[in-house]
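Per this note's numbering, the very first residue in the sequence shown carries number 742; after that it's consecutive. The block underneath contains the structure these notes are about, expressed in structure tokens.
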Amino acid sequence: MLTKTARQNMGWTEVGRIDEIPNGGARVVNAPQGRIALFRTVDDKVWALHDQCPHKGGPLSQGMVYGHKVACPMHNLSIDLESGDAVAPDTGCAATYPVKIEGGVIFLGLDEAVCCQET
């Protein structure tokens with residue numbers, strides 16, 4: 742089994758346990774890249790997004806999680822948790838980070854952010 746330091750060196754950083762995030766809720770991780778919101782859906786999937794709404798900068802971690810989306814608490818813009826894209830007719834996107842879970846422990850690929858590109 743790899744140590745936490747060894748996993749960090751391989752590009753994965755341990756950030757907590759899945760049971761620390763309520764179903765349908767969020768948790769914030771402070772990383773060198775900024776605030777990253779971890780979202781746990783009611784079907785126990787975990788997604789990671791930059792914790793800032795692309796429209797007015799609201800904290801997505803404080804929004805309501807429904808299905809595989811989160812609604813910004815400032816103005817209800819919905820973001821798809823998998824892609825980071827705003828749900829039409831809105832536009833914009835939030836960077837996403839890869840997540841893996843091993844034995845209930847959550848790891849983030851902090852060096853592998855997927856930043857969206859608006860067309």
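Beta carbons: idealized from backbone N, C-alpha and C, even for Gly.
Opening and closing residue of the beta strand (DSSP E) in which residue i lies
{"i": "Asn764", "result": "Note, Asn764: premise wrong, no beta strand (DSSP E); not H, not E."}
{"i": "Val756", "result": "754 to 758"}
{"i": "His791", "result": "787 to 791"}
{"i": "Leu779", "result": "775 to 781"}
{"i": "Val806", "result": "805 to 807"}
Counted within 10 angstroms of its Cβ, other Cβ atoms place residue i as buried (16 or more) or exposed
{"i": "Pro830", "result": "exposed"}
{"i": "Tyr838", "result": "buried"}
{"i": "His791", "result": "buried"}
{"i": "Thr746", "result": "With a pLDDT of 47 at Thr746, under the threshold of 50, the modelled position of that residue is not reliable, and no figure is offered here."}
{"i": "Thr782", "result": "buried"}
{"i": "Thr754", "result": "buried"}
{"i": "Thr744", "result": "Only weak support exists for where Thr744 lies, its pLDDT of 45 falling under 50; the value from the coordinates is given anyway. Thr744 should be labelled exposed."}
{"i": "Ile842", "result": "exposed"}
{"i": "Pro687", "result": "Because the chain is modelled from 742 through 860, residue 687 falls outside the range shown and cannot be assessed."}
{"i": "Cys856", "result": "exposed"}
{"i": "Gly844", "result": "exposed"}
CB-CB length for residue i against residue j, believed under 8 Å
{"i": "Gly804", "j": "Ala812", "result": "5 Å"}
{"i": "Ile752", "j": "Gly850", "result": "Strictly speaking, residue 752 in this sequence is Gly, with Ile absent from that position. Contact flag correct, Cβ pair sits at about 6 Å."}
Beta carbon proximity, residue i to chain B, threshold 7 Å
{"i": "Ser819", "result": "Of the protein chains in this structure there is only one, and it is not chain B."}
Inset, instruction - Let me know the beta strand (DSSP E) ranges lying completely inside the segment 813 to 847, each 3 residues or longer, listed in chain order. - result: 819 to 821, 840 to 843
Inset, instruction - Determine, using beta-carbon pairs with one atom in the segment 815 to 823 and one in the segment 764 to 772, whether at least three such pairs fall under 8 Å. - result: no
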